[in-house]
Amino acid sequence: MKKTVSDNIGAFYQHYPRVAVVVTASAGGRDNAMSIAWHTSISKNPPLYGVSVSPNHFTYKLIAQSKQFGVNFMPDTKAELVAALGGSKGSQIDKFSAFSITRDDAVKTSVPILKDAYAAFECRLVDDRLYGDHKLLVGEVVAVHYLDEAFMENGVLDIEKVNPTLYLGGEIYLNTEECRTRTLNRGFCVDCFKT
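Residue numbers (my numbering): 116 to 310.
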């Protein structure tokens, strides 16, 4: 198979699709939620999870102040919300109010946990390092929230019951159940939630 080789990296979408998650934070009486696709497990013992966030984002400022963050795994049925959270600025609007986001109670931190998430991690920040134009924030997972029926007995996500929000890049999301893609313009999705 012949491949194109280039030193022009371009849009940098070759490593997609990725599960898009919602990172949440709370500090100084302000809450925020933002969508990201760059995240990963790092260690099982202790349980460490990493998220890549630009230090220019409001969410980063809240995490740096509070030393904690949430990672919320959203079903594909909430892809429009995920896109809207990625296309709006928490420094300018209260996203929880603007998008009518409901929460579950956190048990070990003060981070917002999204009720619509099929799974969520509460994390305490253990490392914050700059790599290029993003910060890799590593958190120790101190609590896990999950919907029992979304997972098989072995702990693996049952995609016959819940499809994760899969992001292909370029505002394109994949629905595995229907084997189709759709483009969700962030600005359009923000407008969808305005009343």
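A virtual CB, placed ideally from N, CA and C, is assigned to each residue, including glycine.
Boundaries for Ala152: no beta strand (DSSP E) harbours it, and the DSSP string shows neither H nor E there. Judged by their CB atoms, Leu289 and Glu195 are not nearer to each other than the 8 Å cut-off. When secondary structure is reduced to three states using DSSP, Ile178 falls in the helix class. Listed in chain order, the non-local C-beta contacts of Lys230 below 7 Å within the same chain comprise Thr217, Arg218, Asp219, local neighbours out to five positions each way being set aside. Per DSSP, the unbroken beta strand (DSSP E) holding Ser141 starts and ends at 136-142.
Shown here, Leu200 sits in a helix according to DSSP, grouped into three states. Around Leu262, the same chain offers Tyr233 as residues with beta carbons nearer than 6 Å, after the five sequence neighbours per side are excluded. Under the criterion of beta carbons closer than 8 Å, Ala135 and Ala152 qualify as touching, at roughly 5 Å. Sequence-distant partners of Met267 (beyond 5 residues in either direction) whose C-beta falls short of 6 Å from its own C-beta, in its chain, are Asp273. In the DSSP secondary-structure assignment, Tyr282 is bridged to Arg133, Tyr288. Only residues of its own chain outside the window of five on either side were considered, and among them Tyr164, Gln183, Phe184, Gly185, Val186, Thr224, Val226, Gly254, Glu255, Val256, Val257 have a CB closer than 8 Å to the CB of Cys238, listed in chain order. Beta-bridge partners of Glu255 (DSSP): Leu163, Arg239. Contact between Phe188 and Pro279 holds: their C-beta atoms lie close to 6 Å from each other, under 8 Å. Counting every other CB atom within 10 Å of its CB across the protein chains shown gives Thr119 a total below 16, marking it as exposed. Secondary structure note for Phe211: its alpha helix (DSSP H) is the uninterrupted segment 210-213. Contact annotation: Ser203 and Lys210 have beta-carbon atoms nearer than 8 Å.
Here the alpha carbon of Asp146 sits roughly 8 Å from the alpha carbon of Leu177.
In this structure, the alpha-carbon of Pro132 lies about 15 Å from that of Pro190.
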